[in-house]
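> Protein chains in written order, with UniProt numbering: chain Z, 1 to 251; chain Y, 1 to 615.
Below you can see the structure in the form of structure tokens.
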């Protein structure tokens, strides 16, 4: 039962950085001043089993609640109305992961490609029809090979993984399948996975048929959508569909 | 990319005819020494590079040498006379002032202009000329390939390779390649197309290595080819900029460190497993980082000074920033750096952790040149090669405004949310205490201007003429000081505090405000720095030289030769550039006043109380 788009409101969160990164101090409200609604309950456990080197032991108490870091087992925090969800984007470099995120979070599209380094962290809030508010904490990972080994850092504990490929490149579709396998092996068992064919505006150069991708997605229990960050086509739908699939607190 | 890095050599034949006409800075330099031991960087310096092992040349003699024209070989690059200075001067004018755009020089059909650059001249130990036989042998070899290439290249594509004239005309190339000859990075052109060229470089290096030796550099006409071997990774610089060998080697070291910053030294293991390992995918997307570093070599004194510079700020403002950074450093952050462009606002480290100025240079270069950091807060693994070249640290980067950014480093990959909280805390404090607005103000209006050098000690104010005073002063500078800036003909200075590992430099003002002027000045300082720190001729205390290398063009387009003065003590190093008419006695007096001035305002231009640096 798809929720009609017009009934949804997009809210820019106070944590959204759009206004602060480009503004001189004083003009915009600093992003850091408002924290995410503290009424949401964290389900994550402080679960880092990795050896913490050096300084970590001396963390002050005020940060203790956040020690779960990137590695909490399940970073979905929920109460009846507010859902906070950790989402990770994976895929080959150049498929448009950052473009999808920036289109969703800021409504912008920048055709000049900017290589992501490490991972960028952005958040965006989506209000659903049933007045549930979903806050996506998005890890936009770098597609470069040198960061591949670091991917677990970002997808471990993620509630949602969005695997992106470029519909004009078979190679990126292969890479997407690699990520799906990797997630099936190592990510949290209940992770929601979406397969996204981006650059839908370049359909005349299509190299991956929707049919193939759809079949692959079905076989792997994924949700499939084709998007275009450039034209904004299906970008919001992608996140709405994800939001609908999130487990709700039974109340 | 600086466009003036392209040589437009209008008459290649001329340079062919006089390939030995390399600049002879030192021989003609009217170098005067004040209280010096060895005369300014060795006017009497024996030819030859003493840092090379004696047996190096025996092995190297076997290399196929190529040479066009007369084989005149001096001693170490730039340390001996090389013939007609006029010819060189002509070239050097072009170098800076002709400002050929890459397109005009590269694609205008100046075929053959690479002639001067493709002859590789062997550096001979005794400083004597090469045997003509060697030359001919080499010439044959190179000419064949050259002819082939040039006859088939008629249309030059924008993406250059080693066959394009534009590529050959670049004044300074940097290459990274693997020990199996696979290209890893090239400053110009697509490295994948340079496979053949890389293989050639690799062959030269491994040939010498097979002789149980290590190649350091080759002099080829106007060009120097500098080699640096770092385990399985080879770095090569080919340059006709006449920078000293030590300077170019230092630049290669920094490029290597930049690579380590991205990948750590453990990348060596990939080569152990597979000698033919292709490293380019690992570095994909980092071209901008390296080209920005290569560019920094021509404008940023930190690349050779082993020091960093601070943004001028009122003492209390910097203290406020330092206090909050120290707070987070005590909470498990390894290093906290607040920077504005390439200048430090404040920094702080965990106990016993020290941050090397080179690491700061490379880290800030990495952050500034990577666009994605500006888009949103980021978390990325990086390595600080001077801190520990083997391990990844994790850096949280957030731009507080367009120019100012906060970097928080941690050893833990799980630390993102903690670092994010720290940033929120820091940002709140910085905004509340107006540090950020002060930083912006300083960026626009502050800095040391030679025009403000106190004329009399009794007039000294004890603080920088910040803010309102500066705002008023700025239009004055541009309108009235059109000719020569500063009292006593002082154009510019750099003051390095040895104990603090920090330097302060005056702002560039007329006649130094063209990018070419700056670049030349930086290169002249660099040369001065390396000649002062030359271990072979012994450390110098002072040097006063009229440097042909540094020519400023005034408004009548007549070349002015700057006078450079360097003064090194235990506590500081001072590098100053003067008007050509400056008299030595007055220049020395002025330098004393500069030192006094710097001491008067040191609380505002230096960062005190940062974690002690020890390495």
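Here a beta-carbon is modelled for each residue, glycine too, at the ideal position from N, C-alpha and C.
From a predicted model like this one, the values you see are computed outputs, not experimental measurements.
DSSP has residue 219 (chain Y) in a bridge; who is on the other side?
Here residue 219 (chain Y) corresponds to residue number 219 of the second chain, with the count starting at 1. Note: residue 219 (chain Y) sits in a beta bridge opposite Y:224.
> Going straight from the alpha carbon of residue 192 (chain Z) to that of residue 245 (chain Z), what length do you get?
Here residue 192 (chain Z) is taken as the residue at index 192 of the first chain, counted from 1. Here residue 245 (chain Z) is taken as the residue at index 245 of the first chain, counted from 1. Distance between the alpha carbons of residue 192 (chain Z) and residue 245 (chain Z) is about 8 Å.
> Rounded to whole angstroms, what's the CA-CA distance from residue 518 (chain Y) to residue 491 (chain Y)? Just pull it up for me.
For the purposes of this step, residue 518 (chain Y) is taken as the residue at position 518 of the second chain. For the purposes of this step, residue 491 (chain Y) is taken as the residue at position 491 of the second chain. Their Cα atoms are separated by approximately 11 Å.
> Just the chain Z side, please: which residues come within less than 9 Å of residue 609 (chain Y) by C-beta, in chain order?
In the second chain, residue 609 (chain Y) corresponds to position 609, counting from 1. Result: empty, since nearest Cβ-Cβ is about 20 Å, beyond 9 Å.
> Please state the DSSP three-state secondary structure of residue 416 (chain Y).
Counting from 1 along the second chain, the entry for residue 416 (chain Y) is found at position 416. In this structure, residue 416 (chain Y) counts as helix in the three-state DSSP scheme.
> Which word fits residue 212 (chain Y), buried or exposed, when buried means at least 16 other C-beta atoms lie within 10 angstroms of its C-beta?
Here residue 212 (chain Y) corresponds to residue number 212 of the second chain, with the count starting at 1. Classification for residue 212 (chain Y): exposed.
> Check distances from the C-beta atoms of the stretch 169-185 of chain Z to those of chain Y and list, in chain order, the residues that come in under 9 Å.
Flagged: no residues at all.
> Taking the alpha carbon of residue 453 (chain Y) as the point to measure from, which residue in Y:343, Y:589, Y:426 and Y:521 has its own alpha carbon closest?
Sequence index remark: in the second chain, residue 453 (chain Y) carries index 453 (1-based). Minimum Cα distance to residue 453 (chain Y) is reached at Y:589.
> When the cut-off is 8 Å and only beta carbons count, does residue 370 (chain Y) lie next to chain Z?
The residue labelled residue 370 (chain Y) in the question sits at position 370 within the second chain. It does; some Cβ of chain Z falls within 8 Å.
> Please confirm whether residue 140 (chain Z) and residue 89 (chain Z) have their CB atoms less than 8 Å apart.
Taking the first chain and counting its residues from 1, the one referred to as residue 140 (chain Z) is at position 140. Taking the first chain and counting its residues from 1, the one referred to as residue 89 (chain Z) is at position 89. Yes, these two residues count as a Cβ contact at 8 Å.
> If we cut at 8 Å on Cβ distances, does residue 256 (chain Z) have a partner in chain Y?
Since the displayed chain Z opens at 1 and closes at 251, residue 256 (chain Z) lies outside it and no answer follows.
> Cβ closer than 8 Å: which chain Z residues qualify as neighbours of residue 381 (chain Y)?
Taking the second chain and counting its residues from 1, one reaches residue 381 (chain Y) at position 381. Simply 118, 147 and 150.
> Judging by CA-CA distance, which residue of Y:290, Y:431 and Y:402 is the nearest neighbour of residue 254 (chain Y)?
As a working note, residue 254 (chain Y) is residue 254 in the second chain. When only C-alpha atoms are compared, the closest one is Y:290.
> To the nearest angstrom, how far is the alpha carbon of residue 152 (chain Z) from that of residue 161 (chain Z)?
Counting from 1 along the first chain, the entry for residue 152 (chain Z) is found at position 152. Counting from 1 along the first chain, the entry for residue 161 (chain Z) is found at position 161. Taking the straight line from one Cα to the other gives about 12 Å.
> Where residue 197 (chain Y) and residue 281 (chain Y) are concerned, what is the direct C-alpha to C-alpha distance, given to the nearest angstrom?
Here residue 197 (chain Y) refers to the residue found at position 197 of the second chain. Here residue 281 (chain Y) refers to the residue found at position 281 of the second chain. One C-alpha to the other measures close to 19 Å.
> Among Y:366, Y:335, Y:310 and Y:327, whose alpha-carbon lies nearest the alpha-carbon of residue 343 (chain Y)?
Position 343 of the second chain holds residue 343 (chain Y). Ranking the options by Cα distance to residue 343 (chain Y), first place goes to Y:310.
> Taking the DSSP output, what are the residues bridged to residue 496 (chain Y)?
Position 496 of the second chain, counted from the start, is the residue given in the question as residue 496 (chain Y). In DSSP, residue 496 (chain Y) forms a bridge with Y:503 and Y:573.
> Straight-line CA distance for residue 275 (chain Y) to residue 182 (chain Y)?
Indexing the second chain from 1 puts residue 275 (chain Y) at position 275. Indexing the second chain from 1 puts residue 182 (chain Y) at position 182. C-alpha separation (whole angstroms): 10 Å.
> Comparing the C-beta of residue 309 (chain Y) with each C-beta of chain Z, is any distance below 8 Å?
Taking the second chain and counting its residues from 1, one reaches residue 309 (chain Y) at position 309. So, not an interface residue.
> Contact check, residue 232 (chain Y) vs residue 271 (chain Y) under 8 Å by CB: the rounded distance?
Locating residue 232 (chain Y) in the second chain gives position 232, counting from the first residue. Locating residue 271 (chain Y) in the second chain gives position 271, counting from the first residue. At roughly 4 Å, the Cβ-Cβ gap stays under 8 Å, so residue 232 (chain Y) and residue 271 (chain Y) are in contact.
> Give a yes or no on contact between the stretch 383-391 of chain Y and the stretch 317-326 of chain Y, applying the rule of three or more CB pairs nearer than 8 Å.
Result no; under three Cβ-Cβ pairs closer than 8 Å.
> Given residue 264 (chain Y), which residues of its chain have a CB within under 7 Å of its CB, disregarding the five upstream and five downstream residues?
Looking up residue 264 (chain Y) in the second chain gives position 264. If we look at residue 264 (chain Y) and ignore the five residues flanking it on each side, its Cβ neighbours are 383, 389, 390, 391 and 392.
> Could you name the residues that DSSP lists as bridge partners for residue 533 (chain Y)?
For this step, residue 533 (chain Y) is matched to residue 533 along the second chain. Bridge partners of residue 533 (chain Y): none, in fact.
> Could you give the distance in angstroms between the alpha-carbon of residue 175 (chain Z) and the alpha-carbon of residue 208 (chain Y)?
As a position in the first chain, residue 175 (chain Z) is number 175, starting the count at 1. As a position in the second chain, residue 208 (chain Y) is number 208, starting the count at 1. Those two C-alpha atoms are separated by around 42 Å.
> In chain order, what residues of the same chain lie with their CB nearer than 6 Å to the CB of residue 93 (chain Z), ignoring the 5 residues before and after it?
Indexing the first chain from 1 puts residue 93 (chain Z) at position 93. Excluding sequence neighbours, residue 93 (chain Z) sits near 143 and 144.
> If we ignore side chains and look at the alpha-carbon of each, how far apart do residue 599 (chain Y) and residue 495 (chain Y) end up?
The sequence position of residue 599 (chain Y) within the second chain is 599, counting from 1. The sequence position of residue 495 (chain Y) within the second chain is 495, counting from 1. Residue 599 (chain Y) and residue 495 (chain Y): Cα-Cα distance of roughly 10 Å.
> At the level of alpha carbons, what is the spacing between residue 446 (chain Y) and residue 429 (chain Y)?
Counting from one through the second chain, the residue named residue 446 (chain Y) turns up at place 446. Counting from one through the second chain, the residue named residue 429 (chain Y) turns up at place 429. Residue 446 (chain Y) and residue 429 (chain Y): Cα-Cα distance of roughly 23 Å.
> For residue 163 (chain Y), which three-state DSSP category applies?
Your numbering for residue 163 (chain Y) matches position 163 in the second chain. DSSP places residue 163 (chain Y) in coil when its eight states are reduced to three.
> Using three-state DSSP, classify residue 313 (chain Y) as helix, strand or coil.
Start at 1 with the first residue of the second chain, and residue 313 (chain Y) comes out as number 313. Looking at residue 313 (chain Y) - three-state DSSP - the assignment turns out to be coil, as it is neither helix nor strand.
> Name the chain Z residues that come within less than 7 Å of residue 263 (chain Y), Cβ to Cβ?
Reading the second chain from its first residue, position 263 is the one you call residue 263 (chain Y). Within chain Z, the residues near residue 263 (chain Y) are 146.
> Just to confirm, are residue 176 (chain Y) and residue 260 (chain Y) a CB contact at a threshold of 8 Å?
Against the second chain, residue 176 (chain Y) aligns to sequence position 176. Against the second chain, residue 260 (chain Y) aligns to sequence position 260. Cβ atoms of residue 176 (chain Y) and residue 260 (chain Y): not closer than 8 Å.
> At least one CB of chain Z closer than 8 Å to the CB of residue 506 (chain Y): is that the case?
The residue given as residue 506 (chain Y) occupies position 506 in the second chain. No, residue 506 (chain Y) lies away from the interface with chain Z (no Cβ there is under 8 Å from its Cβ).
> Using beta carbons (cut-off 8 Å, strictly below), is residue 115 (chain Z) in contact with chain Y?
As a first step, residue 115 (chain Z) must be located in the first chain, where it is residue number 115. Judged by the 8 Å Cβ criterion, residue 115 (chain Z) is in contact with chain Y.
> Which residue wins for smallest C-alpha separation from residue 257 (chain Y), given the options Y:542, Y:166, Y:362 and Y:279?
Mapped onto the second chain, residue 257 (chain Y) falls at position 257. It is Y:362 whose Cα lies nearest to the Cα of residue 257 (chain Y).
> Inspect the beta-carbon positions of residue 572 (chain Y) and residue 595 (chain Y) and report whether they are closer than 8 Å.
Reading the second chain from its first residue, position 572 is the one you call residue 572 (chain Y). Reading the second chain from its first residue, position 595 is the one you call residue 595 (chain Y). In this structure, residue 595 (chain Y) lies closer than 8 Å to residue 572 (chain Y) by Cβ.
> Pick out whichever of Y:515, Y:562, Y:506 and Y:580 has its Cα sitting closest to the Cα of residue 574 (chain Y).
Locating residue 574 (chain Y) in the second chain gives position 574, counting from the first residue. For the residues Y:515, Y:562, Y:506 and Y:580, the minimum Cα distance to residue 574 (chain Y) belongs to Y:506.
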